[in-house]
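Undergrad: Mind having a look at this structure? Questions to follow.
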Amino acid sequence: TQLLEQSPQFLSIQEGENLTVYCNSSSVFSSLQWYRQEPGEGPVLLVTVVTGGEVKKLKRLTFQFGDARKDSSLHITAAQPGDTGLYLCAGATTSGTYKYIFGTGTRLKVLA
Amino acid sequence: DAGVIQSPRHEVTEMGQEVTLRCKPISGHNSLFWYRQTMMRGLELLIYFNNNVPIDDSGMPEDRFSAKMPNASFSTLKIQPSEPRDSAVYFCASSLRVTGNTIYFGEGSWLTVV
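Protein sequences, first through last, are from chains A and B.
Going by the numbering used here, 88 is the number at position 88 of the first sequence; the sequence numbering is gapless.
If you count the second sequence from 1, you need to add 112 to reach the numbering used here.
Structure, rendered in structure tokens:
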């Protein structure tokens, strides 16, 4: 069974602080995605990383895919209350079935 | 453009009753996923269809759960009989069958079995 472990599970920080969320697995993924989910809604895609070592930036968010394509990180600079939500990583298996396995999730709260 | 449409949004049912959840994927998408989300277990993949054919149902918890996709624009997830432990948010999602493509989620069906 392929598992994606995220850490931390919960994070409460003040506006303006920086934070990093981690997504780790013992399995190799062909691609990895990060989603954000707000209460009462489905997850919404933030970014897809495909190449080992790839770094992508989305405004104040920086995403990195590990060299071995087994792990990823999400770094938020100067967090804002609008960043509050559940952050999920999702790995696509290499078996060709395009099945996406979601991580355990990190629940972020940014206080004004 | 319409996104993934799920119904019902909320359902409360008694233990033992049959529950049917419905999904209309985004037009043109050829992959459809059913996920279940709970606080304890997170977002779990139940079943995955490609071109209306079930590809992987290894996540379906037991025989009480069944899913069908009779055509490209409609899918159902049925629970019969329902149990309190089935209470969760059930998400339908669709995508194009290309690695790295976006999975688009519906707003979810909130199921409570009492």
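Note that CB positions come from ideal geometry on N, CA and C, so glycine has one too.
Small disclaimer: the values here were computed from a predicted structure and weren't measured.
Could one say the Cβ of B:Ile215 lies closer than 8 Å to chain A's Cβ atoms, at least one of them?
TA: Counting from 1 along the second sequence, the entry for residue 215 of chain B is found at position 103. Closer than 8 Å: yes.
Undergrad: Going by DSSP, what residues sit across from A:Gly85 in a beta bridge?
TA: In the first sequence, counting from the first residue as 1, residue 85 of chain A sits at position 85. A:Leu108.
Undergrad: Round the Cβ separation of B:Glu126 and B:Lys190 to the nearest angstrom and send it over; I've been treating them as touching at under 8 Å.
TA: By 1-based counting over the second sequence, the position of residue 126 of chain B is 14. By 1-based counting over the second sequence, the position of residue 190 of chain B is 78. Not confirmed; about 16 Å, so no contact.
Undergrad: Express the C-alpha separation of B:Gly154 and B:Val124 in angstroms, rounding to a whole number.
TA: Taking the second sequence and counting its residues from 1, the one referred to as residue 124 of chain B is at position 12. Taking the second sequence and counting its residues from 1, the one referred to as residue 154 of chain B is at position 42. Going from the Cα of B:Val124 to the Cα of B:Gly154 covers about 21 Å.
Undergrad: Just to confirm before moving on: does the CB-CB distance between A:Pro78 and A:Arg107 stay below 8 Å?
TA: Working through the first sequence from its first residue, we reach residue 78 of chain A at position 78. Working through the first sequence from its first residue, we reach residue 107 of chain A at position 107. Pro is not the amino acid found at residue 78 of chain A; the sequence shown has Ala there. For A:Ala78 and A:Arg107, no; Cβs fall outside 8 Å.
Undergrad: Beta-carbon within less than 7 Å of B:His141's beta-carbon, same chain only, minus the 5 sequence neighbours each way: which residues are those?
TA: Here residue 141 of chain B refers to the residue found at position 29 when the second sequence is read from its first residue. Result list for B:His141: Ser206, Ser207 and Leu208, in chain order.
Undergrad: For a contact meaning CB atoms closer than 9 Å, what does B:Asp251 contact in chain A?
TA: In the structure as shown, chain B starts at 113 and stops at 226, and residue 251 of chain B therefore has no counterpart that could be examined.
Undergrad: Taking only beta-carbon positions, decide if B:Gly220 is within less than 8 Å of chain A.
TA: Looking up residue 220 of chain B in the second sequence gives position 108. Yes, contact with chain A.
Undergrad: So the candidates are A:Ala92, A:Leu19, A:Leu86 and A:Leu111; which of them puts its Cα closest to the Cα of A:Gly105?
TA: Here the question's residue 105 of chain A lines up with position 105 in the first sequence. Here the closest residue by C-alpha is A:Leu86.
Undergrad: Nearest CA to the CA of A:Glu38: which residue from A:Gly91, A:Pro81 and A:Lys99?
TA: Start at 1 with the first residue of the first sequence, and residue 38 of chain A comes out as number 38. The option with the nearest alpha carbon to A:Glu38 is A:Pro81.
Undergrad: Give the straight-line distance between the Cα atoms of B:Pro173 and A:Gly16, rounded to the nearest whole angstrom.
TA: Translated into positions along the second sequence, residue 173 of chain B becomes position 61. Translated into positions along the first sequence, residue 16 of chain A becomes position 16. Roughly 43 Å between the two C-alpha positions.
Undergrad: At a CB-CB cut-off below 9 Å, which residues of chain A make contact with B:Phe203?
TA: Here residue 203 of chain B refers to the residue found at position 91 when the second sequence is read from its first residue. Under the 9 Å cutoff, chain A gives Gly42 and Pro43.
Undergrad: Determine whether the Cβ of A:Leu88 lies closer than 8 Å to any Cβ atom of chain B.
TA: The sequence position of residue 88 of chain A within the first sequence is 88, counting from 1. Taking Cβ atoms only, chain B reaches closer than 8 Å to A:Leu88, which makes this a yes.
Undergrad: Pick helix, strand or coil for B:Asp169, following the three-state DSSP scheme.
TA: Taking the second sequence and counting its residues from 1, the one referred to as residue 169 of chain B is at position 57. Three-state DSSP puts B:Asp169 in coil, outside helix and strand.
Undergrad: In whole angstroms, give me the CA-to-CA distance for A:Leu11 and A:Lys109.
TA: Mapped onto the first sequence, residue 11 of chain A falls at position 11. Mapped onto the first sequence, residue 109 of chain A falls at position 109. A:Leu11 and A:Lys109: Cα-Cα distance of roughly 6 Å.
Undergrad: Against chain B, with Cβ distances strictly below 8 Å, would A:Phe102 count as a contact?
TA: In the first sequence, counting from the first residue as 1, residue 102 of chain A sits at position 102. Chain B contact via Cβ: present.
Undergrad: Roughly how many angstroms separate the alpha carbons of A:Lys56 and A:Tyr100, rounded to a whole number?
TA: Against the first sequence, residue 56 of chain A aligns to sequence position 56. Against the first sequence, residue 100 of chain A aligns to sequence position 100. Near 20 Å, if we compare the C-alpha coordinates of A:Tyr100 and A:Lys56.
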